[in-house]
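Below is one structure; the comments refer to it alone.
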Amino acid sequence: NLGVVRVGPEQSFVVADIPGLIQGAAEGAGLGHQFLRHLSRTGLLLHLVDCRPADDSDPVRDVRAIVAELRKYDERLYRKPRWLVLNKIDLVPDDERGTLVAEFRRRLRTRGRVFAISAATGEGCRELAAEIARFLQGRRRTATEDAGDAGPVSAEGRA
Numbered sequence: 013n014l015g016v017v018r019v020g021p022e023q024s025f026v027v028a029d030i031p032g033l034i035q036g037a038a039e040g041a042g043l044g045h046q047f048l049r050h051l052s053r054t055g056l057l058l059h060l061v062d063c064r065p066a067d068d069s070d071p072v073r074d075v076r077a078i079v080a081e082l083r084k085y086d087e088r089l090y091r092k093p094r095w096l097v098l099n100k101i102d103l104v105p106d107d108e109r110g111t112l113v114a115e116f117r118r119r120l121r122t123r124g125r126v127f128a129i130s131a132a133t134g135e136g137c138r139e140l141a142a143e144i145a146r147f148l149q150g151r152r153r154t155a156t157e158d159a160g161d162a163g164p165v166s167a168e169g170r171a
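Here it is, written out as structure tokens:
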């Protein structure tokens, strides 16, 4: 699914929602190759996981499995910028949220960007969208400078 996120009156980007990949996707399991091919055209990968899954699964294990599939499929895809987005933060008491994020960072051994949001309440979603827009704008600016073109830069991007 594709959607447009409007951050401001003249600032937006396109998001491709790729359903959960399964182990073996790199070898073609499920719709793996079709989905992974779409990911190769993106400028930023957002790995969205429930921080408190209803089925008691381990979201860290799930993140590692997907990252492994990315690496098996294409090293360039694996090396793309990738941010972790922890959903359902509304289910975590305010005083436990920092600890929860720190625990995800520790278990995943990441220093990368981690965002805590609630799709249900909208908490953190505007901030995440603004950060994505800034990131994509910075990439476009760098690409334009590298190309030696000082022309206008489109506000459209793809996350």
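At position 60 of the sequence shown (counting the first as 1) the number is 72 in my numbering, and the numbers step up by one without a gap. Ideal Cβ positions, reconstructed from N, Cα and C, are used throughout, including at glycine.
Residue i, enclosing beta strand (DSSP E) - first and last residue
{"i": "Ala114", "result": "Premise fails: Ala114 lies in the alpha helix (DSSP H), Arg109 to Leu120, not in any beta strand (DSSP E)."}
{"i": "Ala80", "result": "From DSSP, Ala80 is part of no beta strand (DSSP E) but of the alpha helix (DSSP H) over Pro71 to Tyr85."}
For residue i, the nearest candidate out of the options (CA to CA)
{"i": "Thr154", "options": "Asp62, Asp29, Gly55 and Gly110", "result": "Gly55"}
{"i": "Pro8", "options": "Ala128, Asp86 and Leu89", "result": "One cannot answer for residue 8 here, as it falls past the ends of the chain, which runs 13 to 171."}
{"i": "Val16", "options": "Glu115, Arg151, Arg152 and Ile144", "result": "Ile144"}
{"i": "Leu60", "options": "Val19, Val126 and Asp68", "result": "Val126"}
{"i": "Lys92", "options": "Leu148, Gly136, Gly110 and Val26", "result": "Leu148"}
{"i": "Ala141", "options": "Gln23, Leu14 and Asn13", "result": "Gln23"}
DSSP bridge partner residues for residue i (one or two, in chain order)
{"i": "Val17", "result": "Phe25"}
{"i": "Val97", "result": "Leu60 and Phe127"}
Beta-carbon proximity of residue i to residue j, cut-off 9 Å
{"i": "Leu58", "j": "Val75", "result": "no"}
{"i": "Lys100", "j": "Ala131", "result": "yes"}
{"i": "Leu98", "j": "Asp62", "result": "yes"}
Three-state secondary structure assigned by DSSP to residue i
{"i": "Ala162", "result": "Here Ala162 scores only 47 on pLDDT, less than 50, and its place in the model should not be relied on; the value that follows carries that caveat. In this structure, Ala162 counts as coil in the three-state DSSP scheme."}
{"i": "Gly55", "result": "coil"}
{"i": "Ile30", "result": "coil"}
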